[in-house]
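Enquirer: Protein chains in written order, with the numbering used here: chain A, 4 to 190; chain B, 156 to 633.
Heads up, the beta-carbon is just placed ideally off N, CA and C, and yes, glycines get one too.
Right, I'll just put the structure down here and ask away after.
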């Protein structure tokens with residue numbers, strides 16, 4: 004659990020750092036020559052898929068057909084990789100990696116509206132079949148309900164999964180809960 | 156009468172699609188000439204004819220890439236003496252695809268295609284080839300793994316030598332319909348048999364391969380540039396040895412020139428359709444809102460984006476139905492994934508995969524056509540649909556923007572969206588559903604655009620002229 008929460012926090016820091024990089028990435032997409040843009044997209048090697056998708060999506064709006072074409076091909080490639088892994092885990096019947104893959108797919112930025120809803124429900128279905136959920140998987144359930152805008156249910160589940168323990172409360176969980184309340188209150 | 160040899164890579168007469176239909180039309184329209192068809196295919200199983208072959212086709216010849224060769228150890232050993240220093244120097248020069256000089260490669264392959272050296276395997280397994288490869292590696296690619304380097308270069312040279320040794324039909328004109336292996340083969344055959352070479356590029360071959368290479372997980376990053384340079388080098392060879400270089404639209408022509416095509420050899424001849432045929436389709440009013448797409452169910456058409464966009468729009472388009480009209484068997488895995496997506500999104504009632512059907516029957520009642528490809532040239536399906544009076548929503552690929560929005564004096568015949576953006580697709584679909592007047596107006600403009608710019612007669616006549624100018628008429632008079 005600690006690791007997961009720590010990862011989540013680190014992700015935020017990485018995101019922040021990337022945001023800065025992203026500015027220059029978007030500068031290239033706004034101001035670069037078609038060749039510079041294409042080379043940039045070809046060399047793009049970001050671990051975090053959502054950010055990669057964000058950059059490629061921006062490139063889809065470019066004026067140059069080659070840039071658009073490369074971005075579209077890359078988006079489809081990312082999509083194809085997700086689908087391939089999902090099918091692999093579906094075949095093996097291994098719910099835990101399947102749930103993780105589906106969850107990452109939902110978070111990737113590739114899915115929107117009803118299509119996203121379908122995959123969120125599918126992920127919940129798979130998570131529901133895991134009898135002994137890890138803390139990470141419990142957080143996934145909470146996050147999916149948040150995504151589905153079912154905030155009350157999401158909050159109830161969070162407290163059901165991680166009941167209050169007063170002073171013995173896990174520090175990371177406490178931080179997560181605080182962040183939950185803060186983020187939802189400013190929406 | 157001239158003898159013309161079409162050279163295709165994995166298309167006519169075995170794959171249904173734009174390039175194949177284009178060849179079929181030209182065969183039918185040039186009854187005064189005789190044709191050979193040479194098709195480069197991955198294996199013999201691929202060779203299932205999908206078209207009715209016109210009478211003026213005198214032979215269809217298949218060339219299988221990655222052939223298996225029997226080898227004679229004696230021949231391999233004897234190449235040690237036959238392949239001298241001069242040839243080794245040429246091999247070495249030809250290995251640098253980035254700086255490659257097409258004349259050198261030609262002379263080299265002409266030399267190595269002589270029987271005395273044996274088959275391609277006996278050449279690439281010879282000591283001189285091995286030594287040349289090692290010395291090129293040491294000088295240029297030491298930081299790469301040698302094992303993959305060796306197999307990469309051996310495969311490339313095996314294919315080049317194998318094609319150079321092919322017994323090609325003797326023709327007056329060789330007409331490859333792409334660069335790549337087909338273009339190289341055309342250039343080689345033209346040079347060897349003193350024929351003229353006309354190249355038509357529908358898409359830009361090395362750019363298409365470049366994407367595949369960049370996206371291929373199985374090719375190590377450092378080897379990707381070797382493959383990309385190789386495909387560009389094949390294009391350069393084709394350009395250098397072609398007498399006429401044709402493409403479908405201006406933008407592609409500029410790309411060809413950037414890729415080394417001499418400007419004076421280039422020419423734009425757009426695709427064309429029979430406007431009388433498509434324009435005379437009698438419309439049938441059918442209850443509901445009917446959306447169609449004429450396509451092969453393959454990943455490059457990005458059918459999944461179409462299905463997702465349709466799903467988002469469906470609840471706002473009462474009576475809508477989507478027809479996917481075209482062959483489903485080319486990539487059965489992808490087709491199954493599309494079927495699964497339809498099922499997952501609970502759209503079985505609202506989507507039909509028709510398989511290969513007479514599109515005219517569907518053009519009678521369709522209100523709107525979709526094209527969601529991530530890569531196209533100048534799709535015939537777009538021109539046919541417009542000629543039938545049906546507007547399009549198309550992704551911004553190939554020449555689609557120019558066809559739909561570029562003829563300012565007539566007006567827009569559709570809407571352009573970003574590739575893969577299914578939200579945008581859904582929005583545009585709903586907007587057009589709600590504005591039927593606009594839809595009808597766009598349909599009328601589409602008909603006008605095709606009549607003015609993309610009439611079949613124009614492109615047929617242009618090719619007749621090209622064949623004539625390249626000696627077809629002279630041969631006929633003889």
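What residues from chain A crowd round residue 402(B), counting only those whose CB sits closer than 8 Å?
Expert: Correct list: empty, because the minimum Cβ distance to chain A is about 14 Å.
Enquirer: Measuring only between beta-carbons, confirm whether residue 104(A) sits less than 8 Å from chain B.
Expert: False, the Cβ-Cβ gap to chain B never drops below 8 Å.
Enquirer: Which word fits residue 85(A), buried or exposed, when buried means at least 16 other C-beta atoms lie within 10 angstroms of its C-beta?
Expert: Answer is buried; the Cβ neighbour count reaches 16.
Enquirer: Starting from the C-beta of residue 513(B), find all residues in its chain whose C-beta is less than 8 Å away, skip the five residues before and the five after it, and write them out in chain order.
Expert: Hits under 8 Å: none found.
Enquirer: What residue ranges within the region 416-473 of chain B form continuous alpha helix (DSSP H) runs of no fewer than 4 residues, ordered along the chain?
Expert: 430-434, 458-469, all fully within the region 416-473 of chain B.
Enquirer: Measure the Cβ-Cβ separation of residue 190(B) and residue 174(B) and say whether it is below 8 Å.
Expert: Going by C-beta atoms, residue 190(B) is not nearer than 8 Å to residue 174(B).
Enquirer: If you run the structure through DSSP and keep just helix, strand and coil, what is residue 178(A)?
Expert: Correct three-state label for residue 178(A): helix.
Enquirer: Entirely within the region 335-402 of chain B and at least 4 residues each: give me those alpha helix (DSSP H) ranges in chain order.
Expert: List check, alpha helix (DSSP H) in window: 335-348, 360-370, 376-396.
Enquirer: Thinking just about the alpha-carbon of each residue, which of 320(B), 448(B), 474(B), 418(B) is nearest to the one in residue 441(B)?
Expert: Of the candidates 320(B), 448(B), 474(B), 418(B), the one whose C-alpha sits nearest the C-alpha of residue 441(B) is 474(B).
Enquirer: Taking the alpha carbon of residue 185(B) as the reference point, which residue from 488(B), 171(B), 595(B), 209(B) has its own alpha carbon closest?
Expert: Measuring from the Cα of residue 185(B), the nearest candidate turns out to be 209(B).
Enquirer: Taking just the CA atoms, how far does residue 173(A) sit from residue 120(A)?
Expert: For residue 120(A) and residue 173(A), the distance between alpha carbons rounds to 32 Å.
Enquirer: What residue from 30(A), 95(A), 171(A) has the CA that sits closest to residue 65(A)'s CA?
Expert: Of 30(A), 95(A), 171(A), the residue nearest in Cα terms is 30(A).
Enquirer: Taking the continuous alpha helix (DSSP H) assigned at residue 578(B), which residues delimit it?
Expert: Here the alpha helix (DSSP H) through residue 578(B) covers 577-589.
Enquirer: Exposed or buried, which one is residue 517(B) when buried takes at least 16 other CB atoms within 10 Å?
Expert: When all chains shown are included, residue 517(B) counts as buried.
Enquirer: Buried or exposed: where does residue 280(B) fall if 16 or more other Cβ atoms within 10 Å of its Cβ makes it buried?
Expert: By the 10 Å Cβ count, residue 280(B) comes out buried.
Enquirer: Using the C-alpha atoms, what's the distance from residue 226(B) back to residue 274(B)?
Expert: Their backbone Cα atoms lie some 8 Å apart in a straight line.
Enquirer: Where does residue 404(B) fall in DSSP's three states?
Expert: Correct three-state label for residue 404(B): coil.
Enquirer: Give the range of the beta strand (DSSP E) segment to which residue 158(B) is assigned.
Expert: Segment 158-164, the beta strand (DSSP E) holding residue 158(B).
Enquirer: Give the residues of chain A in contact with residue 485(B), contact being defined as C-beta atoms less than 9 Å apart.
Expert: Near residue 485(B) there are no residues of chain A at all, since even the closest Cβ is about 17 Å away, more than 9 Å.
Enquirer: Using a 10 Å radius around the Cβ and a threshold of 16 neighbouring Cβ atoms, would you call residue 13(A) buried or exposed?
Expert: In this prediction, residue 13(A) has a pLDDT of 47, which is less than 50 and means its spatial position is unreliable; what the coordinates show is noted afterwards. Exposed, since its Cβ has fewer than 16 Cβ neighbours within 10 Å.
Enquirer: Looking at the unbroken beta strand (DSSP E) that takes in residue 640(B), where does it start and where does it end?
Expert: Absent from the model: residue 640(B). The displayed extent of chain B is 156 to 633, so no value can be given.
Enquirer: Between residue 412(B) and chain A, is any beta-carbon pair separated by less than 8 Å?
Expert: No, because no Cβ of chain A sits closer than 8 Å to the Cβ of residue 412(B).
Enquirer: Could you give the first and the last residue of the continuous alpha helix (DSSP H) run that contains residue 37(A)?
Expert: 37-46 is the span of the alpha helix (DSSP H), which, as asked, contains residue 37(A).
Enquirer: Taking any Cβ of chain A, which residues in the region 423-436 of chain B have a Cβ under 7 Å from it, in chain order?
Expert: The residues in question: there are none.
Enquirer: For a cutoff of 8 Å on Cβ pairs, would you count residue 86(A) as touching chain B?
Expert: Yes - at least one Cβ of chain B is within 8 Å of the one on residue 86(A).
Enquirer: Here's the rule I'm using: 16 or more other beta-carbon atoms within 10 Å means buried, otherwise exposed. How should residue 293(B) be labelled?
Expert: Residue 293(B) is exposed by the Cβ-count criterion.
Enquirer: Between the Cα of residue 81(A) and the Cα atoms of 110(A), 160(A), 176(A), 99(A), which residue gives the shortest distance?
Expert: Answer by Cα proximity: 110(A).
Enquirer: What residue range is occupied by the uninterrupted beta strand (DSSP E) comprising residue 574(B)?
Expert: Premise fails: residue 574(B) is in no beta strand (DSSP E) and is neither H nor E.
Enquirer: Starting from the C-beta of residue 177(A), find all residues in its chain whose C-beta is less than 8 Å away, skip the five residues before and the five after it, and write them out in chain order.
Expert: The answer is none, since no qualifying residue turns up.
Enquirer: For residue 63(A), return the contacting residues in chain B, with the cut-off set at a CB-CB distance below 9 Å.
Expert: Near residue 63(A) (Cβ distances below 9 Å), the residues of chain B are 551, 573, 574, 575, 576.
Enquirer: Taking the straight line between their C-alpha atoms, what separation do you get for residue 598(B) and residue 541(B)?
Expert: If I take the Cα positions, the gap works out to 7 Å.
Enquirer: Please classify residue 394(B): is it buried, with 16 or more other beta-carbons within 10 angstroms of its beta-carbon, or exposed?
Expert: Residue 394(B) should be labelled buried.
Enquirer: By Cβ distance, which residues of its chain are closer than 6 Å to residue 218(B), with the 5 residues on each side in sequence left out?
Expert: Correct list, in chain order: 195, 321.
Enquirer: In chain order, what residues of the region 90-121 of chain A put their CB closer than 8 Å to some CB of chain B?
Expert: The region 90-121 of chain A vs chain B, Cβ under 8 Å: 115, 116, 117, 118, 121.
Enquirer: Identify each residue in the region 512-541 of chain B for which the Cβ-Cβ distance to at least one residue of chain A is less than 8 Å, and report them in chain order.
Expert: Residues 529, 530.
Enquirer: What are the boundary residues of the alpha helix (DSSP H) that includes residue 542(B)?
Expert: First-last of the alpha helix (DSSP H) with residue 542(B): 535-542.
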